[in-house]
Amino acid sequence: MDLDDQANVNRLAETVGKDGMVIILGQPDPNSAGLFAETVTRGDPTWAGPLAGVPLGLPVYHILEPEIREHMDADLYQEHVGLMELSADVDAIIKSVKSYREPSDA
Amino acid sequence: MELKDKQVVAIGEREGVNGPSLKLLAESAGATVVFSVTECFV
Numbered sequence: 134m135d136l137d138d139q140a141n142v143n144r145l146a147e148t149v150g151k152d153g154m155v156i157i158l159g160q161p162d163p164n165s166a167g168l169f170a171e172t173v174t175r176g177d178p179t180w181a182g183p184l185a186g187v188p189l190g191l192p193v194y195h196i197l198e199p200e201i202r203e204h205m206d207a208d209l210y211q212e213h214v215g216l217m218e219l220s221a222d223v224d225a226i227i228k229s230v231k232s233y234r235e236p237s238d239a
Numbered sequence: 092m093e094l095k096d097k098q099v100v101a102i103g104e105r106e107g108v109n110g111p112s113l114k115l116l117a118e119s120a121g122a123t124v125v126f127s128v129t130e131c132f133v
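Heads up: the protein sequence lines correspond to chains A and B, in order.
For the first sequence, position 25 matches number 158 in the numbering used here, and the numbering has no gaps at all.
For the second sequence, position 41 matches number 132 in the numbering used here, and the numbering has no gaps at all.
Rendered as structure tokens:
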């Protein structure tokens with residue numbers, strides 16, 4: 134994750150507070166989605182950014198996950214996510230992100 | 092996962108779903124988006 138974005142996430146977790154904060158990802162493949170999910174839960178795995186060694190443990194979801202999708206406007210969802218949903222490996226992406234959100238299930 | 096009244100950080104990607112799209116969708120679920128960005132994963 135971009136170093137400036139890591140700094141922003143870290144600052145928001147401190148100022149807004151972790152309670153009630155949710156991360157939503159839009160990456161197109163399991164590897165990149167997993168890397169971002171890992172960064173906001175366990176810390177930056179590349180040890181290059183402000184979140185290195187900072188396990189924020191934030192709840193992280195991918196936009197493809199039914200758990201959050203069901204609360205969103207269906208027409209907007211189709212317009213903005215429909216195309217990616219057809220081409221992406223949806224199950225693998227969800228499994229990857231979920232493994233960091235719920236490590237005991239991995 | 093109920094998003095209503097949650098503070099959302101939207102981290103999109105140019106080749107996937109971008110930040111502004113994630114923001115729109117999260118807001119449609121009643122969330123407040125406190126930060127939105129579109130990354131380019133390489």
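Ideal placement from N, C-alpha and C gives every residue a C-beta, glycine not left out.
Keep in mind that this is a model prediction, so the values were computed, not measured.
With a cut-off of 8 Å on Cβ pairs, the stretch 160-175 of chain A is in contact with the stretch 104-117 of chain B, counting three or more such pairs.
Counting only Cβ-Cβ distances below 8 Å, D135 (chain A) has contacts in chain B at V128 and E130, in chain order. One thing to note: T172 (chain A) has its Cβ within 7 Å of the Cβ of L184 (chain A). V149 (chain A) sits close to Q98 (chain B), with the two beta carbons spaced by under 7 Å.
Under the DSSP assignment, M154 (chain A) falls in the beta strand (DSSP E) whose first and last residues are M154 to L158.
Runs of alpha helix (DSSP H) with 4 or more residues, each lying fully within the stretch 96-121 of chain B, are found at 110-119, listed in chain order.
When 9 Å is used as the limit between beta carbons, Q160 (chain A) is near these residues of chain B: I102, G103, E104, E106, G107, V108, E130 and F132, in chain order.
Near chain B, meaning a CB-to-CB distance below 7 Å, the residues of the stretch 151-182 of chain A are G153, M154, V155, I156, I157, L158, G159, Q160, P161, S165 and F169.
In the DSSP assignment, Y233 (chain A) is bridged to no other residue.
In this model, G153 (chain A) and R175 (chain A) are separated by some 18 Å (Cα to Cα).
The C-alpha of S127 (chain B) lies about 23 Å from the C-alpha of S232 (chain A). According to the DSSP secondary-structure assignment, V124 (chain B) is paired through a beta bridge with B:V99.
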